[in-house]
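Heads up, the thing below is written out as structure tokens.
Residue numbers (the working numbering), protein chains in the order written: chain A, 2 to 261; chain B, 146 to 496.
As structure tokens, then:
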């Protein structure tokens, strides 16, 4: 792809005290692609995601969004300029507990647009309808299931129609039909709105359905830290990779009799 | 030779664990093998025992007579034991860690004060983020709902204070001065202080728990990534609400306390007119205003400490409870410390 990447991650590492989560992760995400970050539990997928949205400052390396460096000096100001062009869905949905689903989706519209209240509500209802929650608009976050909370989180992330959406495990714990519906939604939005997606997941079916490219992290990439063990199109990784963990993931072939 | 017999399962291995480990440690340097021919059943617990005995012995032990199925279990137990050894790396606690933690806490508090001040200063630009319904909600929950408690406590304190001081004062025939004593103590000192203690217990802890829960649920992260400032959205309305309700709470507590005092004085036979005159003669408006001003400051301190505790919440539901506790303790301690500063300042200014 000849275009400028939307996200550029350059040799990034994350340490917490003496514990190194991963080191030397580099990747580029280009406009209109669905980019999947995958890997086993505890390999740093969500940590990498938090770095991408500026919640965690990497211990080393640089990250740029839309060509603005959000790490290093001036990073915070740069982050503010790009923040409204990014929608984020957190693993738990992270809905505001004191508001209904509708109010949750309306909040970004209230804060950042001049829409009148009835306009905000109409837009928010459409977004909830897109994720299949049209009939649940009046419910409180405490009254709904985890899967619904995650879908409402996606609706809120889409509230301002950002060109870049980051989703942290959108389909974890969903039934296969809803999960397939979400995959469909991601592909549709990419096609209709030209949106770019970064999706953290370890659902194989979902990866094969939506991912243009993916990067696989693993805890044991280095002797003392995690990192990238494979990058590329999911189909190619499944067919050609010789890395034992990649094969274990895509083809369910365990490397040894006793899995560690 | 270490012989086992019967069922090697979770219930049975408890009694054998220490003797077996002991025996294995003594056998170091000698040869050792397991005699498992009389073992009728072995589960994962049993396999773990065998693996632990092997670790204590320091070398692989040959097992004789182990059932085919149990050999697999033993293999797994051995492998799991090795992984565990690799993963445990809990370093001991040093004085440096404590100092570092204290420095982090201090830095966090200073940052919080700075962020709150900046949020206040930038409020005109971010008027949208201060949601009026939220603010009124906090006024309701922090202030109006606490009024019954304030009235009850104020009345009782006035009653007790008057009664306790009446006994020694009476010896000097000065029991009419109980009225002015209680009035001055309430308006200047006890009113604001008790209102602040009620605020810390009822509201400071609630603020910490609310914000702490939001932190644990990633809601604070969600706000930040939306470009909304959590301090403006969450801290400011709570602090402003607390500062608004504190004078009202203090005033209510003062009045209830005076009524309590009057009840006691009536019991001693003084008419209301005499009590009211005595209070009017000794109490100045400055006493009242000074107390109310202190109340506003206490409201700021208690609410800010509650919110700070909430934002400083760590990971997991347990830390929400810890934050609520530290909000109450911090709120009360800080209130009394600030009160001490006020006492000094008022004295210097001859107020």
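Quick reminder that beta carbons are idealized off the backbone N, C-alpha and C, glycines included.
Small disclaimer: the values here were computed from a predicted structure and weren't measured.
Through-space distance from residue j to residue i, alpha-carbon basis
{"i": "residue 411/B", "j": "residue 313/B", "result": "18 Å"}
{"i": "residue 433/B", "j": "residue 399/B", "result": "9 Å"}
{"i": "residue 42/A", "j": "residue 185/A", "result": "25 Å"}
{"i": "residue 212/B", "j": "residue 159/B", "result": "21 Å"}
{"i": "residue 144/A", "j": "residue 301/B", "result": "42 Å"}
{"i": "residue 77/A", "j": "residue 207/A", "result": "34 Å"}
{"i": "residue 182/B", "j": "residue 214/B", "result": "14 Å"}
{"i": "residue 238/B", "j": "residue 356/B", "result": "30 Å"}
{"i": "residue 259/A", "j": "residue 224/B", "result": "Because residue 259/A carries a pLDDT of 42, less than 50, the predicted location of this residue cannot be relied on, and no value is offered for it."}
{"i": "residue 376/B", "j": "residue 264/B", "result": "7 Å"}
{"i": "residue 283/B", "j": "residue 28/A", "result": "46 Å"}
{"i": "residue 199/B", "j": "residue 188/B", "result": "17 Å"}
{"i": "residue 226/A", "j": "residue 158/A", "result": "32 Å"}
{"i": "residue 341/B", "j": "residue 459/B", "result": "26 Å"}
{"i": "residue 219/A", "j": "residue 47/A", "result": "13 Å"}
{"i": "residue 18/A", "j": "residue 372/B", "result": "28 Å"}
{"i": "residue 166/A", "j": "residue 190/A", "result": "10 Å"}
{"i": "residue 247/A", "j": "residue 201/B", "result": "37 Å"}
{"i": "residue 219/B", "j": "residue 169/B", "result": "17 Å"}
{"i": "residue 224/A", "j": "residue 244/A", "result": "16 Å"}
{"i": "residue 7/A", "j": "residue 60/A", "result": "22 Å"}
{"i": "residue 261/A", "j": "residue 163/A", "result": "Caution is warranted here: a pLDDT of 39 is assigned to residue 261/A, below 50, making its placement in the model unreliable, and the coordinate value is therefore given only provisionally. Near 41 Å, if we compare the C-alpha coordinates of residue 163/A and residue 261/A."}
{"i": "residue 131/A", "j": "residue 183/A", "result": "9 Å"}
{"i": "residue 113/A", "j": "residue 107/A", "result": "10 Å"}
{"i": "residue 157/B", "j": "residue 146/B", "result": "20 Å"}
{"i": "residue 101/A", "j": "residue 321/B", "result": "59 Å"}
{"i": "residue 486/B", "j": "residue 241/B", "result": "33 Å"}
{"i": "residue 141/A", "j": "residue 148/A", "result": "14 Å"}
{"i": "residue 250/B", "j": "residue 391/B", "result": "28 Å"}
{"i": "residue 180/A", "j": "residue 172/A", "result": "5 Å"}
{"i": "residue 74/A", "j": "residue 80/A", "result": "11 Å"}
{"i": "residue 93/A", "j": "residue 34/A", "result": "24 Å"}
Interface flag, residue i vs chain B, CB-CB below 8 Å
{"i": "residue 145/A", "result": "no"}
{"i": "residue 109/A", "result": "yes"}
{"i": "residue 17/A", "result": "no"}
{"i": "residue 50/A", "result": "no"}
{"i": "residue 95/A", "result": "yes"}
{"i": "residue 246/A", "result": "no"}
{"i": "residue 112/A", "result": "yes"}
{"i": "residue 56/A", "result": "yes"}
{"i": "residue 183/A", "result": "no"}
{"i": "residue 219/A", "result": "no"}
{"i": "residue 21/A", "result": "no"}
Bridge partners - residue i, DSSP secondary structure assignment
{"i": "residue 20/A", "result": "17/A"}
{"i": "residue 9/A", "result": "29/A, 65/A"}
{"i": "residue 208/B", "result": "179/B"}
{"i": "residue 262/A", "result": "Nothing can be reported for residue 262/A, as the shown portion of chain A is limited to 2 through 261."}
{"i": "residue 87/A", "result": "165/A"}
{"i": "residue 221/B", "result": "The partner list for residue 221/B (beta bridge, DSSP) is empty, contrary to what the question assumes."}
{"i": "residue 184/B", "result": "151/B"}
{"i": "residue 70/A", "result": "65/A"}
{"i": "residue 232/A", "result": "216/A"}
{"i": "residue 227/A", "result": "23/A"}
CB contact check: residue i to chain A, cutoff 8 Å
{"i": "residue 183/B", "result": "no"}
Terminal residues of the beta strand (DSSP E) in which residue i lies
{"i": "residue 97/A", "result": "It is not in any beta strand (DSSP E) - residue 97/A carries neither H nor E in the DSSP assignment."}
{"i": "residue 35/A", "result": "35–40"}
Residue interval of the alpha helix (DSSP H) (run including residue i)
{"i": "residue 250/B", "result": "240–266"}
{"i": "residue 334/B", "result": "No alpha helix (DSSP H) holds residue 334/B; DSSP gives it neither H nor E."}
{"i": "residue 473/B", "result": "462–493"}
{"i": "residue 177/A", "result": "177–194"}
{"i": "residue 423/B", "result": "417–427"}
{"i": "residue 152/A", "result": "147–158"}
{"i": "residue 316/B", "result": "292–316"}
Closer than 7 Å between beta carbons: that is the criterion. Which residues of the segment 364–387 of chain B meet it against chain A?
364, 366, 367, 369, 370, 371, 372, 373
For the segment 67–93 of chain A, list every residue whose C-beta sits within 8 Å of some C-beta in chain C, in sequence order.
Considering every chain present, this structure includes no chain C. Its protein chains are A and B.
Interface residues of the segment 267–290 of chain B facing chain A [CB-CB below 7 Å]
With the criterion set as a beta carbon lying under 7 Å from some beta carbon of chain A, the members of the segment 267–290 of chain B are 273, 274, in sequence order.
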